[in-house]
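Residue numbers (this note's numbering), protein chains in the order written: chain S, 33 to 461; chain U, 33 to 461. Input: a single structure, listed below in structure tokens.
Protein chains: 2
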Amino acid sequence: MYIYINEASHHLGDEVEIRGWLYNKRSSGKLHFLILRDGTGLMQAVVSKKEVSEEAFETSGNLTQECSLIVTGKVSEEPRSPGGYELHVTDVKLVGKSEDYPITPKEHGIEFLLDHRHLWLRSKRQHAILKVRAETAAAMREYLNSRGFVNLDTPIFTPNACEGTSDLFETEYFGGSAYLAQSGQLYSEAAIMSFGKVYCFGPTFRSEKSKTRRHLTEFWMLEPEVAWLDLDGCMDLEEDFIVEVVARVLDRCAEELKVLGRDTSVLEKVQKPFPRITYDRAAEILKEKGADFTYGTDFGGADETILGESFDRPVFIHHWPADIKAFYMKRDPNDYSKALAVDLLASEGHGELIGGSQREDDLDELLKRLKEHDLPQKYFEWYLDLRRYGSVPHSGFGLGFERTVGWICGTPHIRETILFPRLMHRLEP
Amino acid sequence: MYIYINEASHHLGDEVEIRGWLYNKRSSGKLHFLILRDGTGLMQAVVSKKEVSEEAFETSGNLTQECSLIVTGKVSEEPRSPGGYELHVTDVKLVGKSEDYPITPKEHGIEFLLDHRHLWLRSKRQHAILKVRAETAAAMREYLNSRGFVNLDTPIFTPNACEGTSDLFETEYFGGSAYLAQSGQLYSEAAIMSFGKVYCFGPTFRSEKSKTRRHLTEFWMLEPEVAWLDLDGCMDLEEDFIVEVVARVLDRCAEELKVLGRDTSVLEKVQKPFPRITYDRAAEILKEKGADFTYGTDFGGADETILGESFDRPVFIHHWPADIKAFYMKRDPNDYSKALAVDLLASEGHGELIGGSQREDDLDELLKRLKEHDLPQKYFEWYLDLRRYGSVPHSGFGLGFERTVGWICGTPHIRETILFPRLMHRLEP
């Protein structure tokens with residue numbers, strides 16, 4: 033019977049078949065100890081010369097790293113085996129050989145590993161990070177689905193830019209041009225007028241000439257949008273969301289976080305309430321800590337690190353200078369110079385996880401904003417219609433998915449948090 | 033207390049607040065009957081002149097289609113109200129006016145509706161279709177997640193094409209070129225060597241100069257890939273998957289399917305086993321039914337319709353002429369002229385839902401295929417590595433998500449199954 037390694041506990045004493053790859057091997061005369069991996073876990077298989085055919089024993093002796101094989105044997109408990117179960121082998125079949133596998137236990141440079149991403153994926157660490165990614169995505173989707181958010185996919189091809197046209201990838205479109213979306217927000221704003229609460233979760237694209245460890249040219253973004261929600265409500269939602277998602281990943285990815293050597297006490301501190309400070313207060317903190325920061329500008333990576341490290345859990349920074357924020361953000365009615373915007377910074381200097389805001393819902397104000405930002409009104413007529421026909425207060429946020437996974441995993445560079453990272457100088461494999 | 037309309041049953045007799053939009057209105061002297069919608073449902077609100085302030089009564093009388101409003105009142109049962117509950121209004125506040133809403137109960141042409149997609153979304157039918165879309169996506173993800181498939185996102189930017197370079201969108205990439213992916217399959221093949229079972233689910237792009245009702249330039253595709261799976265196993269998986277997804281949507285979207293007037297008896301017939309016929313047999317059927325079809329070519333839309341209508345449930349067509357199939361498909365060892373490929377056609381002429389195959393796992397065969405297809409080996413070295421280091425038999429499939437939603441909803445044109453459709457001549461709104 034063919035089983036997966038993570039099903040071994042249900043098959044104690046059974047003769048089963050494991051199909052997988054050779055992760056490791058050691059031999060001592062009449063015994064070969066094979067460590068198998070099949071995607072669901074690792075398992076030791078013991079090949080004893082007196083219990084298998086001569087051919088099977090010889091095959092076992094010649095197995096090389098990352099060859100594929102089918103091993104038959106009896107399952108027993110063995111605390112010293114990874115996973116706690118061991119296979120007493122009755123037969124071994126080599127399926128696909130593997131000669132001179134490029135990635136060896138020695139150290140490799142990062143460019144070499146990225147060039148061999150298709151194989152690097154098999155390493156324990158990369159396997160763990162991407163399992164955390166998948167669990168985090170499922171946790172996020174299920175949080176929203178169970179609360180009545182309707183998952184809708186916003187378009188990638190757009191005729192114009194959400195926040196101006198810099199850093200956009202352009203593609204030929206049947207004789208014209210299209211730009212690859214950097215956000216689905218404007219489209220989701222249309223959708224909430226039909227559905228109340230929606231989210232999109234898909235790839236977004238930025239042609240930034242940036243090589244920092246926090247940037248990819250192609251990354252995934254989760255963007256919920258909610259009708260009848262104000263800025264405070266938006267912070268409440270983000271907080272509840274992050275707390276629940278982190279708790280679920282802690283619960284279900286304990287093994288992976290252990291492989292990654294993640295200090296989980298940091299994640300256990302991700303509890304309500306998150307501190308909520310104004311931009312003005314954040315600027316004071318930066319000044320107090322001697323940062324090279326000019327009031328009225330956006331935070332740089334170093335500033336985000338200082339601010340993030342000032343708290344033991346993620347911190348909200350709200351009420352930003354309107355001048356440096358996007359045209360669609362609503363102004364604070366009590367201080368017209370400020371936008372009802374909020375960023376959520378991760379702990380430990382992992383930077384901005386989420387950017388959110390209450391959206392401008394007044395037609396005349398929005399028209400003013402478009403003019404101030406030099407955006408052509410004709411491209412936004414449909415968006416303006418949302419303020420002409422039954423406008424409502426509403427808010428939403430965009431979460432950088434790879435940054436969030438990187439923070440949960442404690443990885444310094446987000447290039448490891450996506451299957452095949454796309455960087456300024458990397459389009460392959 | 034602010035509640036959603038679909039929570040009304042829990043608030044019988046309570047005074048609640050509903051926030052939404054005016055869907056419809058009729059008046060009879062001292063009574064206004066407002067039909068509200070808030071994204072979760074429709075509800076009738078009765079405004080009686082003697083129970084509200086003069087101002088609130090006048091406001092109610094002046095409400096126009098699609099204005100946004102907050103209505104306070106007491107919940108009571110009322111079988112004649114949509115949803116079965118009614119609000120006895122104590123107050124009405126207009127939030128956002130709506131003058132001359134462009135979409136009226138009269139008939140509009142399809143181009144007008146597509147031009148106003150941002151508002152058209154609010155119509156009952158579009159709301160229902162997109163709710164089915166969201167439920168279908170959730171059902172698909174949860175089917176796979178609960179069976180150990182790891183959800184990984186394959187890249188959109190690719191340096192080369194999966195099946196040749198026709199119909200690809202090209203974008204400038206830091207001085208070079210990138211192409212927008214039409215499939216994540218090749219990347220998922222690398223991932224299964226680490227994870228065993230994976231899937232990707234994201235947008236894909238085809239620059240086809242096609243204006244049929246089955247084509248979009250941007251559409252979503254779900255692509256599971258499984259190590260150690262052969263063609264028969266792949267058909268078993270597709271069958272089980274489709275049966276369970278359709279059953280869940282039937283169960284959870286009964287209301288929406290009713291709005292759409294969907295003949296659900298057709299969907300209830302989606303039960304195992306699906307017929308499995310060879311390409312050769314399919315060609316015979318087409319001949320018997322007098323189709324204008326040449327043996328050895330791919331089926332056209334009309335052929336797919338004839339074949340789909342020949343069975344009362346989806347039908348598998350397997351063992352295709354290798355010449356017209358992709359380079360990565362494995363040949364039938366018993367008939368080298370055939371590829372181990374399988375298409376799943378929907379019932380009722382909705383066309384191809386799924387294309388799948390067992391993949392070529394032999395290095396030398398794959399090298400031959402690349403040559404035959406005139407594909408440059410150097411771009412595929414990483415893909416060839418998967419056959420050099422622990423190759424395993426494996427299979428997978430790609431499901432066209434909008435076509436599947438269109439089939440479930442019974443919509444003739446898939447442009448209604450995505451939030452903002454992108455067509456050859458449509459990039460807006």
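Using N, Cα and C, we set each Cβ at its ideal position, and we do this for glycine too.
DSSP-derived helix/strand/coil call for residue i
i                 : result
Ser242 of chain U : coil
Thr203 of chain U : strand
Gly71 of chain U  : coil
Asn366 of chain U : coil
His350 of chain S : strand
Arg154 of chain U : coil
Gly61 of chain U  : coil
Thr472 of chain S : Residue 472 of chain S cannot be examined here, being either before or after the span of chain S that is shown, 33 to 461.
Lys106 of chain U : strand
Ala88 of chain S  : helix
Leu462 of chain S : Lying before the first or after the last residue shown, residue 462 of chain S is absent from chain S, which here runs from 33 to 461.
Asp335 of chain U : helix
Leu248 of chain U : coil
His42 of chain S  : helix
Val424 of chain S : coil
Gln217 of chain U : helix
Gln97 of chain S  : coil
Trp439 of chain U : helix
Gly116 of chain U : helix
Selection from the options that minimises the alpha carbon distance to residue i
i                 : options                                   : result
Tyr411 of chain U : S:Leu459, S:Glu384 and S:Leu269           : S:Leu459
Leu54 of chain U  : U:Gly322, U:Asp70 and U:Val347            : U:Asp70
Gly333 of chain S : S:His247, S:Glu87 and S:Leu395            : S:His247
Ala170 of chain S : U:Asp185, U:Arg165, U:Val164 and U:Lys163 : U:Asp185
Pro453 of chain S : S:Leu146, S:Gly128, S:Val103 and S:Ile142 : S:Leu146
Gly116 of chain U : U:Lys129, U:Gly93, U:Leu101 and U:Leu44   : U:Leu44
Phe343 of chain U : U:Met361, U:Gln303, U:Glu167 and U:Ala354 : U:Gln303
Gly322 of chain U : U:Ile338, U:Asp312 and U:Gly141           : U:Ile338
Glu109 of chain S : S:Gly128, S:Gln76 and S:Glu98             : S:Gln76
Lys68 of chain S  : U:Ala286, U:His382, U:Thr136 and U:Ser226 : In the sequence on display, residue 68 of chain S carries Leu and not Lys. Cα-wise, what sits closest to Leu68 of chain S is U:Ser226.
His150 of chain S : S:Tyr415, S:Ser297 and S:Tyr133           : S:Tyr133
Asp396 of chain S : S:Ser92, S:Glu413 and S:Ile386            : S:Glu413
Ser155 of chain S : S:Glu167, S:Glu139, S:Ala166 and S:Thr168 : S:Glu139
Met456 of chain S : S:Thr244, S:Val278, S:Gln409 and S:Met361 : S:Thr244
Ser220 of chain S : S:Leu263, S:Pro187 and S:Trp252           : S:Pro187
Cys266 of chain S : S:Ala279, S:Phe348, S:Asp355 and S:Trp252 : S:Phe348
Ile37 of chain U  : U:Gly208, U:Ser80, U:Leu385 and U:Pro114  : U:Pro114
Glu300 of chain S : S:Phe181, S:Glu320, S:Val278 and S:Arg284 : S:Val278
Whole-Å CB distance - residue i paired with residue j, under 8 Å assumed
i                 : j                 : result
Phe359 of chain S : Leu399 of chain S : About 10 Å separates the two Cβ atoms, so there is no contact after all.
Leu153 of chain S : Ala223 of chain U : 6 Å
Tyr327 of chain U : Ala314 of chain U : That belief does not hold up - the Cβ atoms of Tyr327 of chain U and Ala314 of chain U are roughly 10 Å apart, past 8 Å.
His57 of chain U  : Leu95 of chain U  : Just to set this straight, residue 57 of chain U is Lys in the shown sequence, not His. Their Cβ separation, rounded to whole angstroms, is 6 Å, which keeps Lys57 of chain U and Leu95 of chain U in contact under 8 Å.
Phe189 of chain S : Glu250 of chain U : 5 Å
Gly438 of chain U : His382 of chain U : 6 Å
Thr206 of chain S : Thr203 of chain U : The identity of residue 206 of chain S in the sequence shown is Phe, whereas the question assumes Thr. About 14 Å separates the two Cβ atoms, so there is no contact after all.
Gly93 of chain U  : His64 of chain U  : 6 Å
Contacts that residue i makes with chain B (C-beta to C-beta distance below 7 Å)
i                 : result
Leu153 of chain U : Absent from the structure is chain B; the protein chains it does hold are S and U.
Any contact between the region 250-263 of chain S and the region 422-436 of chain S? By contact I mean 3 or more CB pairs, one from each, below 8 Å. The region 250-263 of chain S is in contact with the region 422-436 of chain S.
Would you call the region 166-186 of chain U and the region 296-310 of chain U in contact, with 3 or more CB pairs under 8 Å? Output reads no: the region 296-310 of chain U does not touch the region 166-186 of chain U.
So if I threshold CB-CB distances at 8 Å, which residues from the region 179-211 of chain U count as touching chain S? In summary, the residues of the region 179-211 of chain U whose CB is separated from some CB of chain S by less than 8 Å are Gly180, Val182, Asn183, Leu184, Asp185, Thr186, Pro187, Ile188, Phe189, Thr190, Pro191, Phe201, Glu202, Thr203, Glu204, Tyr205, Phe206, Gly208 and Ala210, in the order they occur in the chain.
On the three-pair Cβ rule with 8 Å, is the region 73-90 of chain S touching the region 123-130 of chain S? Enough Cβ pairs lie closer than 8 Å, so yes.
Counting pairs of beta carbons, one from the region 195-214 of chain S and one from the region 441-449 of chain S, are three or more of them closer than 8 Å? By the Cβ test, the region 195-214 of chain S is not in contact with the region 441-449 of chain S, since fewer than three Cβ pairs between them sit closer than 8 Å.
The region 283-293 of chain S touching the region 155-164 of chain S, judged by at least three CB pairs closer than 8 Å: A contact exists between the region 283-293 of chain S and the region 155-164 of chain S.
Tell me whether the region 357-374 of chain S and the region 389-409 of chain S touch, counting them as touching only if at least three CB pairs, one residue from each stretch, are closer than 8 Å. Contact between the region 357-374 of chain S and the region 389-409 of chain S is present, because at least three Cβ pairs lie under 8 Å.
Check distances from the C-beta atoms of the region 95-107 of chain U to those of chain S and list, in chain order, the residues that come in under 7 Å. For the region 95-107 of chain U, residues whose beta-carbon sits nearer than 7 Å to a beta-carbon of chain S comprise Glu98, Cys99 and Ser100.
With 8 Å as the C-beta to C-beta threshold (strictly closer), list the residues of the region 157-173 of chain U near chain S in chain order. Under the 8 Å Cβ criterion, the region 157-173 of chain U contributes Gln158, His159, Leu162, Lys163, Arg165, Ala166, Ala169, Ala170 and Arg173.
Against chain S: residues of the region 377-406 of chain U by CB proximity under 8 Å: Using a CB distance below 8 Å, the part of the region 377-406 of chain U facing chain S consists of Asp393, ordered along the chain.
Taking any Cβ of chain U, which residues in the region 426-445 of chain S have a Cβ under 7 Å from it, in chain order? Shown here is that no member of the region 426-445 of chain S has a Cβ falling below 7 Å from a Cβ of chain U.
Given a limit of 8 Å on CB to CB distance, which residues of the region 212-226 of chain S reach chain U? Taking 8 Å as the Cβ-Cβ cut-off against chain U, the residues of the region 212-226 of chain S that qualify are Leu212, Tyr219, Ala222, Ala223, Ile224, Met225 and Ser226.
Taking a cut of 9 Å between CB atoms, which residues from the region 448-460 of chain S lie near chain U? Along the region 448-460 of chain S, going in chain order, the ones with a CB nearer than 9 Å to a CB of chain U are Ile450, Leu451, Phe452, Pro453, Arg454, Met456, His457, Leu459 and Glu460.
Chain-ordered residues of the region 118-132 of chain S with a beta carbon less than 7 Å from chain U: Under the 7 Å Cβ criterion, the region 118-132 of chain S contributes Val127, Gly128 and Ser130.
In chain order, what residues of the region 235-255 of chain S put their CB closer than 8 Å to some CB of chain U? Within the region 235-255 of chain S, Pro235, Phe237, Ser239, Lys241, Thr249, Glu250 and Trp252 place their CB atoms closer than 8 Å to a CB of chain U, listed in sequence order.
Against chain S: residues of the region 404-424 of chain U by CB proximity under 9 Å: Residues of the region 404-424 of chain U that bring their beta carbon within less than 9 Å of a beta carbon in chain S comprise Tyr411, Glu413, Trp414, Tyr415, Asp417, Leu418, Arg419, Arg420, Tyr421, Gly422, Ser423 and Val424, in sequence order.
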